[in-house]
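Notes to accompany the following structure.
In this note's numbering, the protein residues as written are 1370 to 1871.
Here it is in structure tokens:
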């Protein structure tokens, strides 16, 4: 039976199964054309994970699949070797060979497969080792055989060395991250292959990123800078970059009002997608100058936006997206109304939100109490606009919706500012893993739940526990707050049935 399957399975179907069964979020996106990727939901563009154990498991699964038979090996070896992942110790000397000795020995034994490598990822790992005295001649021998490299993901301090090592390759996409956890400016050196790069993606932790030299990126179409904490560092970056073909610009974590000189130079006439998400709760007055974006068709902002709608002109705008964090739900509706009034060309609005976000205050989460009312929906329809929530709003009797309604109803009477979920994954290989969850607020804790076969099931159980706590508090504070929430409106059996389904 197995022998017949290996022969009869069409190549296209086998390749699809191979890729889907070993897909790792974040790494898969490196294969997608940025022109397509950046026009989609921002959740698809989260920073690539660097969990060593998970990544090793994916690679091992791929290796086992292609060893089933000769035909599967011939079809899969190219995919297996298309993405080379190398772990480097955190304490490795900065001038040590680019490829550590453990990885180098494997590559020397597989020289014939180096021609398939098109993507390279260099990860820093907690494990410590040192290759200070490793002969670099063997490194060069391996690097010279990697001639088809077009995508690189590595730490910022290795980026210049990677460029030097692959001068014969044309790097098209660069994903760089700053690994330091100290507050100081990180200089970005001049990129030798800036004439070829069409996608530049930088993730920064606690630092500010600056350019020492003005850089020209004549082919750059996608630029993404992700500050993981609040930063004002963009002002030291944008004005030093010239991007005459830039189409997609995504800046996350920026906390100041955007001024024209903070945009990359020469990008106003070419931008199609602009995404600006900040970590600040400060509202800004619009600048004195009006920014013209004649080709912009998608605008994606958080609330408050560092790019005030009053300060921009974009006659071709078709999509207006709001992404969390929101200060309040009323702010979200007000921003949509302002956008529809200012840009009549808008046809689609998407509200990206997260009912389970631990970073968004309770009053910034959507529930049955804060869902759009009939007047709001009628206004959207009168403008001929389709408004979509991503993900869809929870049904009225869902456990999480009940919890949010309860928390929002007692706002001002000791209501929690945040609802947090913590998960514990219990590995029991070869059997499926189990999950436990804990729900906490500013003053309450549910403790760990029993084990469940899914993360969602554990979360629902923790939600039920917290709901009982919140309902008890609501009853104690019944008073004027009772008009907003009545637990009798919900069918108590709905949660029990949902938990059983998990």
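Built from N, CA and C at the ideal position, the CB exists for glycine as well. Treat the numbers as computed from the prediction; the structure is a model and nothing was measured.
The C-beta of residue 1812 has fewer than 16 other C-beta atoms within 10 Å across all chains shown, which makes the residue exposed.
Here the C-alpha atom of residue 1701 lies approximately 24 Å from the C-alpha atom of residue 1594.
Taking residue 1709 as the centre and dropping the five residues before and after it, the same chain places the C-beta of 1715, 1752 and 1754 closer than 7 Å to its C-beta, in chain order. Within 10 angstroms of the beta-carbon of residue 1704 lie 16 or more other beta-carbons, which makes it buried. In the pairwise beta carbon analysis, the region 1790–1800 is classified as not touching the region 1761–1780: fewer than three pairs are separated by under 8 Å. Within the same chain, 1792 and 1804 come within 7 Å of residue 1824 by CB-CB distance, once the 5 residues on both sides are set aside.
With contacts defined as CB atoms closer than 9 Å, residue 1450 and residue 1472 fail to qualify as a contacting pair. When the five nearest sequence neighbours on each side are left out, the beta carbons in the same chain lying within less than 7 Å of the beta carbon of residue 1640 are those of 1615, 1616, 1618, 1662, 1664 and 1665, in order along the chain. Within the DSSP secondary-structure output, residue 1544 pairs in a beta bridge with 1522 and 1570. A check of alpha carbon separations from residue 1543 across 1533, 1530 and 1519 identifies 1519 as the nearest. About 6 Å separates the Cβ atoms of residue 1737 and residue 1770, confirming a contact at the 8 Å cut-off.
Nearest to residue 1613 by C-alpha distance, out of 1621, 1634, 1596 and 1690, is 1634. Rounded to the nearest angstrom, the gap between the Cα atoms of residue 1772 and residue 1794 is 24 Å. Residue environment analysis places residue 1531 among the buried positions, since at least 16 neighbouring C-beta atoms fall within 10 angstroms of its C-beta. Annotated as distal: residue 1818 and residue 1787, with beta-carbon spacing of 9 Å or more. Restricting attention to 1717, 1674, 1620 and 1383, the CA atom closest to the CA of residue 1667 is found in 1717. Residue pairing by DSSP places residue 1531 in no beta bridge whatsoever. At least 9 Å separates the beta-carbon of residue 1490 from that of residue 1446. Residue range 1698–1711 is occupied by the alpha helix (DSSP H) that includes residue 1698.
When the Cα atoms are used, residue 1592 and residue 1686 turn out to be separated by approximately 20 Å. Bounds of any alpha helix (DSSP H) do not take in residue 1685, whose DSSP letter is neither H nor E.
In this structure, DSSP gives residue 1619 an extended state, which the three-state scheme calls strand. The alpha-carbon separation between residue 1545 and residue 1527 amounts to approximately 9 Å.
Distance from the CA atom of residue 1434 to the CA atom of residue 1378, rounded to whole angstroms, is 14 Å. In this structure, the beta-carbon distance from residue 1541 to residue 1511 does not fall below 9 Å. Looking at 1725, 1730, 1729 and 1765, the one whose alpha-carbon comes closest to that of residue 1740 is 1765. Between residue 1452 and residue 1488, the gap from beta carbon to beta carbon is short of 9 Å. As DSSP reads the structure, residue 1610 sits in a beta bridge with 1584. Taking 9 Å as the cut-off, the Cβ atoms of residue 1565 and residue 1588 count as close. In the displayed model, residue 1539 falls within coil according to three-state DSSP, outside both helix and strand.
By the neighbour-count criterion, in which a residue is buried when 16 or more other Cβ atoms sit within 10 angstroms of its Cβ, residue 1821 is buried.
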